[in-house]
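full-length UniProt numbering numbers the first residue of the sequence shown as 1 and each following residue consecutively.
To start, the structure itself, in structure tokens.
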Amino acid sequence: MTGRDAELPLGSHVAKQAYVEMNSAASAIGRIVDSTTGQHIKLTQEQREAAAAAVQFGSAGESNHDQMRFELTLDEVSCSLPPRSSTLGRLPIVSSLSRVSWRVLLRTGKLKRLDPKPLEPVLYPLSTVLHSGSLVAIMGPSGCGKTTLMSIISGRASLAHSGRVAINGRPRTKEFDRFSSYVTQDDIYDGNEKVIECLQFSYRLRKAVPHEWTREERRIQEAEAVQRILDLLGLAEVQQSKVGNNLKRGISGGQKRRLSLGIGLMSDAKILLCDEPTTGLSAADARLVVQALRRLSVECGVAVLAVIHQPSHSIMQCFDQLLLLSHDGRCVYNGRVDAALQYFSALGFPCPPHQNPADFYLDLVSQNSEHAETLVDFYDALMRPLVQSRVELAYECPPPPLNDDVDGMELAGPYVQFKEVGRRAFRLWLRDRSTLMAIMGDSVVQGLVIGAVFFGVRSRASMYYQLSALFLMILSLLASSLWTVPLYVQQKAQYRVEVEDGYYSPVPYMFATSLVANFFVLVGDAVLVTIMWLLFGFQFVPLLACYLVGSLGFVICDVVTAICSLASKSFAEANASATLMFTLLMFVNGFTTNPKTLPTGIGWIAYLSPFFLVFEALAICILEANEFQEDPPEASRTLLMHTKEEVYQTFGIAGRAYGNTGSAIQWMLVVDFVLLLALMAISKCVVFTLQATVFLPRRYKSEQAQKQRSILPLLRSWLPKFQRT
């Protein structure tokens, strides 16, 4: 070994073995073939020393390991997972990735084909170690597997992958989400939400607090944690500003990105994964975002791993470690940022003067580069053994394992999730004045127009026209369920992100958002029904029944539109599918189509339609509450309805189509009302089930699939026993 060995960051036998392995690998390869000229390149001692210097990532090699233990000693009380008393407590974490690889399964041909084509690698085996307080950049051309690598680390990979991810020497468990945060490249917020409200919402749903804390203690801790994040990220001045979106002006793009970082840290995250945090930002905003990441890593001990595209020289200097991937997903460099130029220069690829080093690195590994294969060979011969030794040391001498015991700690349960989601939804609805004005204005206009057309219909027209007015009122009432279609479509992206981040479960979210949305729409419906009822001249006795029965029918139609919206990829698709389902439900409405007019044997279908059930119930209320007036002679010649019993017989309501001769009121209570309640309960269960299974993010689908795959071998082992018995 040379004098350079003493400078290796690893002082244990693992470091020495790594240097021996590097020399052995280099000797075995002997010469690397230049991909451009075809000539053999002999590895030199200078290249080996440059690789050894570059792999000294971390603070200072073994001293960094000691410093981490020192940090653990200083925070011995709060070293469990997560720290109990502080949102920004320092917790030493080593995250090691050992030979992580990703492959996409390509299948072609008919569905019956069982043999897949060969796997196409997207990300080749990769190993690295991340230390607390380090800021690591992942760079490479588009499509090289950067986001895929982030998905593997975060556990959000939807496709099969190999390799292992360990935290402090232990395999990653489901508790990884509680001290890690994944910040996507899209800032998904509601434009009416304030900056401080976003942080408070994240804290209340993701922060674990001791059971014994009182409400006042929790409020104080929340205020301190939120203010600390605001000051750290430079958002204190805009904490009361609305976030904004494409339609509403709010904070700047850089401030939104820093807000995303702060939201991720509210759960005591100690590993922060950022997917392209500077994409789409100006140079100044990008620099502020990276400087915020730097402060998080230095002041809070957070390990930050960020995918970054074409950073400036000043931004690049903020990073400690660089992970450079070639265009085909192979690792080219994995080491210190300040040693990268020396490493590539030693390999014969010096950076031209006055060129941004980051641009130079990307040019070397681009698809058009002639040196990418050569650089991969250099990495396999020089850097891979040293990096692998880092991984082995992380398993050999890890920091104390993270305490994932949550005894004595309280996480947000279903009730808290329902309360916080409902509170946020109610607040945002109140701030969306344009939508509220549209709902109320639509209700008033429809009520006045239809009411004017049928003004005084109770006293001046036959029962047929009274039922016609009633039908139009029901149609307007249930059609208001289409108001929620854009709401569900707009919130779908935010829902997926927040479910993946562990804010809440699908059922509390769906129940809270639908309840709040239905409340505001039903307020408009109450105005609509009241205006029409007064102008029609109906008595007030059945009005409360109209509110109740109409609300049940509205909820059923709203569930149908919710399913259409959640299953659609765009607003146009959701609107078209919801309109189609609404039309199908309206086909059997009781006025134009009823059990009397349907073919024999399928008249029961009418009792599956909320339109028919609502129409039948309200028609019975009107006929039983008001004094029945016979049709004028000219109408009776065609409609043949001289009594209310003839109305029941003509329209097939009150069970007259099936021979029922009992009380119409009893039929309404026993059949119509009960069926509406049953349909509402069944439809709610269906949408909650779909929300919790089919419409979940891919990550949860893959986790459920893995659970099923783990159960199948056990079932197969039991099956022969049952067959023998």
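Every residue gets a Cβ at the ideal spot worked out from N, C-alpha and C, and that includes glycine.
Remember, it's a predicted structure, so these values are computed and weren't measured experimentally.
Checklist entry - Going straight from the alpha carbon of Thr44 to that of Thr128, what length do you get? => result Rounded to the nearest whole angstrom, the C-alpha separation of Thr44 and Thr128 is 24 angstroms.
Checklist entry - If we count Cβ pairs, one from each stretch, closer than 8 angstroms, do we get three or more for the region 240–256 versus the region 209–228? => result Fewer than three pairs of CB atoms, one per stretch, sit closer than 8 angstroms, so the region 240–256 makes no contact with the region 209–228.
Checklist entry - Is the region 315–323 touching the region 362–371, taking contact as three or more C-beta pairs under 8 angstroms? => result no
Item to check | Cβ pair Asp190, Leu428 closer than 8 angstroms | outcome: Going by C-beta atoms, Asp190 is nearer than 8 angstroms to Leu428.
Next on the checklist: Does Ala25 come out as helix, strand or coil in the three-state DSSP assignment?
Outcome noted: For Ala25, the pLDDT reaches just 46, beneath the cut-off of 50, and the residue's location in the model is therefore unreliable, leaving the point undetermined.
Item to check | One or two residues paired with Asn334 in a DSSP bridge | outcome: Leu323
Checklist entry - With contact counted as at least three CB pairs below 8 angstroms, one residue from each stretch, are the region 489–509 and the region 178–189 in contact? => result yes
Checklist entry - Does DSSP classify Leu501 as helix, strand or coil? => result In the sequence under discussion, the amino acid at residue 501 is Asp, which differs from the Leu named in the question. Correct three-state label for Asp501: coil.
Next on the checklist: Taking the alpha-carbon of Phe536 as reference, which of Ser577, Ala340, Ile665 and Ile622 has the nearest alpha-carbon?
Outcome noted: Ile622
Checklist entry - Using the C-alpha atoms, what's the distance from Val670 back to Leu265? => result Here the C-alpha atom of Leu265 lies approximately 54 angstroms from the C-alpha atom of Val670.
Item to check | Rounded straight-line distance, which links the Cα of Asp275 to that of Ser297 | outcome: In a straight line, the C-alpha of Ser297 is about 16 angstroms away from that of Asp275.
Checklist entry - Counting only runs that start and end within the region 238–286, where is the beta strand (DSSP E) found for 3 or more residues in a row? => result 271–275
Checklist entry - In this structure, does DSSP put Leu126 in helix, strand or coil? => result strand
Next on the checklist: Using C-beta distances below 7 angstroms, list every residue in its chain close to Ala512, excluding the 5 sequence neighbours before and after it, in chain order.
Outcome noted: These residues qualify, in order along the chain: Phe418, Val421, Gly422 and Ala425.
Checklist entry - Is Gly145 helix, strand or coil by DSSP? => result coil
Next on the checklist: Just verifying my parser: in three-state terms, what is the DSSP assignment at Ser202?
Outcome noted: helix
Item to check | Contact set for Val555: own chain, Cβ-Cβ below 7 angstroms, skip 5 residues either direction | outcome: Asn518 and Met680
Checklist entry - Which value, in whole angstroms, describes the spacing of the CA atoms of Glu299 and Pro506? => result Answer to the nearest angstrom: the Cα atoms are 35 angstroms apart.
Checklist entry - According to DSSP, what are the bridge partners of Ile138? => result Val307 and Leu323
Checklist entry - Do the region 438–456 and the region 581–597 meet, that is, are 3 or more Cβ pairs less than 8 angstroms apart? => result In short, these stretches do not touch, since the Cβ pair count stays below three.
Item to check | Ile167 - DSSP class collapsed to helix/strand/coil | outcome: strand
Checklist entry - When the distance is taken between beta carbons, is Phe591 closer than 8 angstroms to Ser468? => result yes
Next on the checklist: Looking at the secondary structure, which residues open and close the beta strand (DSSP E) in which Val183 lies?
Outcome noted: Start and end: Ser180 to Val183.
Item to check | Segment contact flag, the region 128–141 with the region 352–366, C-beta cutoff 8 angstroms, min 3 pairs | outcome: yes
Checklist entry - In this structure, does DSSP put Val302 in helix, strand or coil? => result coil
Item to check | Pairwise C-alpha distance: Glu193 and Leu470 | outcome: 40 angstroms
Item to check | Where Cys318 falls, given that 16 or more other Cβ within 10 Å makes a residue buried | outcome: Answer is buried; the Cβ neighbour count reaches 16.
Next on the checklist: Any contact between the region 575–586 and the region 447–463? By contact I mean 3 or more CB pairs, one from each, below 8 angstroms.
Outcome noted: no
Item to check | Bounding residues of the alpha helix (DSSP H) (the contiguous stretch that carries Ser366) | outcome: Element bounds for Ser366: n/a, residue is neither H nor E.
Next on the checklist: Tell me the residue span of the alpha helix (DSSP H) that contains Cys564.
Outcome noted: Leu543 to Ala567
Checklist entry - Per DSSP, which one or two residues make a beta bridge with His313? => result Looking at the DSSP assignment, His313 forms no beta bridge with any residue, so it has no partner.
Checklist entry - Do you know how far the Cα of Leu584 is from the Cα of Tyr648? => result 24 angstroms
Checklist entry - Apart from the five residues just before and just after Thr530, which ones in its own chain have a Cβ nearer than 7 angstroms to its Cβ? => result Excluding residues within five positions, none has a Cβ falling inside 7 angstroms.
Checklist entry - In three-state terms, what does DSSP make of Pro486? => result Three-state DSSP puts Pro486 in a helix.
Checklist entry - When the distance is taken between beta carbons, is Ser162 closer than 8 angstroms to Ile271? => result Taking 8 angstroms as the Cβ cut-off, Ile271 and Ser162 do not qualify as a contacting pair.
Item to check | Three or more C-beta pairs below 8 angstroms linking the region 283–294 and the region 337–345 | outcome: no
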